[in-house]
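Going by the numbering used here, the sequence shown runs without a break in its numbering and finishes at 359.
Ideal Cβ positions, reconstructed from N, Cα and C, are used throughout, including at glycine.
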Amino acid sequence: MWPRAVARPYAAFRLIHFLLHFIFESSRAFYLSWFPLEHHKLPVNTSKEPLFEVVPVRREHEAAVRRVWIDGLPQTLGSVSWRGRWSLWRRYCQHSFDAAVALDGDMRNIKRDWADKPGRMALAAVVKSQRRVQVVGCIFGEAGKSDRVDPKPTEKEIKATCKLTRLSVHPAWRREGVATALVRNLEDWARRQGLKEMTLLTLNVVAIRFYEKARYRTTGFVSGKVAAMSKLL
């Protein structure tokens, strides 16, 4: 009888622990995304030569990659035409939840769960400054995943597809070719894996134009707003 007596209090404790953890992670992700820390500001590229290089994410890059990714969340929120505060609040809650889940999930150990895992890749654009290597952008890709809407992919096509996700560039390094280099390097990795198609989801109008210039096409919309795009390799 004793184990059953403590079962319910323990379950309640686990539930309370989860809720507190979720609230903390959501608040942290939202705060950091809207109020970047001063010490995280990176030097602006004032020369015409690209000072960055794209490399697989290493252990020392992980914290900065998470930082750059979180910094990109307001860009997604700001790209939507809001109708009322309730819509904004719901979108904020969804993004905060996604960020909290990711920070406590596959973004906690990026090298293990992405860069070193077969069928997955995490790339970082890094700048070598006088003091240390700084991350100015990141991108993730996963084989065997497809976001194509129309026509619906077959199982064989899904296996030959790479899903592009979490492309983010530090504000100080946008329009410097970082995003283009990240996408190109991920596409090269997908080709080496024998994949035939790239797919992604985005609701950012500027991002849609960027991908269209990179020869991606819109295959449909998810929930009426999120554009599903693809490109044959």
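Going along the chain, which residues of its own chain have a beta-carbon closer than 7 Å to the beta-carbon of V441, five neighbours each way excluded?
-> Outside the modelled stretch of the chain, which goes from 127 to 359, sits residue 441, for which no answer is possible.
With respect to 6 Å, is the separation between the Cβ of P279 and the closest non-hydrogen atom of the ligand GDP below this value?
-> Here there are no bound small molecules, and the ligand GDP is not part of this structure.
Consult DSSP for L312 and reduce its assignment to one of helix, strand or coil.
-> In the sequence shown, residue 312 corresponds to position 186, counting from 1. Correct three-state label for L312: helix.
With DSSP as the reference, please indicate the residues paired to K289 in a beta bridge.
-> Here residue 289 refers to the residue found at position 163 of the sequence shown. Paired residues: E268 and T325.
Hey, out of E338, H187 and T325, whose CA is closest to R258's CA?
-> Mapped onto the sequence shown, residue 258 falls at position 132. Ranking E338, H187 and T325 by Cα distance to R258 puts H187 first.
What are the boundary residues of the alpha helix (DSSP H) that includes R192?
-> For this step, residue 192 is matched to residue 66 along the sequence shown. Element bounds for R192: E188 to D197.
So is L293 buried or exposed if we call it buried at 16+ other beta carbons inside 10 Å?
-> Counted from its first residue, the sequence shown places residue 293 at position 167. The residue in question, L293, is buried, as its Cβ has 16 or more Cβ neighbours within 10 Å.
According to the Cβ coordinates, are D273 and L327 closer than 7 Å?
-> By 1-based counting over the sequence shown, the position of residue 273 is 147. By 1-based counting over the sequence shown, the position of residue 327 is 201. In this structure, L327 lies closer than 7 Å to D273 by Cβ.
How would you label A189, buried or exposed, when you count the other beta carbons within 10 angstroms and need 16 or more for buried?
-> Along the sequence shown, one-based indexing puts residue 189 at 63. Its Cβ having fewer than 16 others within 10 Å, A189 is exposed.
Using alpha carbons as the reference points, say which of W299, I284 and K351 lies closest to M324.
-> Looking up residue 324 in the sequence shown gives position 198. Among W299, I284 and K351, the Cα nearest to that of M324 is on I284.
Would you mind reading off the limits of the alpha helix (DSSP H) that contains A241?
-> In the sequence shown, residue 241 corresponds to position 115, counting from 1. Careful: A241 lies outside any alpha helix (DSSP H) and carries neither H nor E.
Less than 7 Å separating the beta-carbons of G270 and M247?
-> Here residue 270 corresponds to residue number 144 of the sequence shown, with the count starting at 1. Here residue 247 corresponds to residue number 121 of the sequence shown, with the count starting at 1. Taking 7 Å as the Cβ cut-off, G270 and M247 do not qualify as a contacting pair.
Find out if the Cβ-Cβ distance for the pair L329, V309 is shorter than 7 Å.
-> Taking the sequence shown and counting its residues from 1, the one referred to as residue 329 is at position 203. Taking the sequence shown and counting its residues from 1, the one referred to as residue 309 is at position 183. Contact: no.
E179 lies in the beta strand (DSSP E); which residues open and close that run?
-> Your numbering for residue 179 matches position 53 in the sequence shown. Taken as a continuous stretch (DSSP letters only), the beta strand (DSSP E) holding E179 covers F178 to P182.
Give the secondary structure of A307 by DSSP, where H, G and I count as helix, E and B as strand, and everything else as coil.
-> Numbered from 1 along the sequence shown, position 181 holds the residue referred to as residue 307. DSSP places A307 in helix when its eight states are reduced to three.
Which of helix, strand or coil does DSSP assign to A251?
-> Sequence index remark: in the sequence shown, residue 251 carries index 125 (1-based). It is a strand residue.
Could you please give the first and the last residue of the uninterrupted alpha helix (DSSP H) stretch that includes R335?
-> In the sequence shown, residue 335 corresponds to position 209, counting from 1. Note, R335: alpha helix (DSSP H), V331 to K339.
Quick one: what's Q260 bridged to in DSSP?
-> Indexing the sequence shown from 1 puts residue 260 at position 134. Q260 pairs with V253.
Apart from the five residues just before and just after A307, which ones in its own chain have a Cβ nearer than 7 Å to its Cβ?
-> Reading the sequence shown from its first residue, position 181 is the one you call residue 307. Same-chain partners within the cutoff: V180 and A251.
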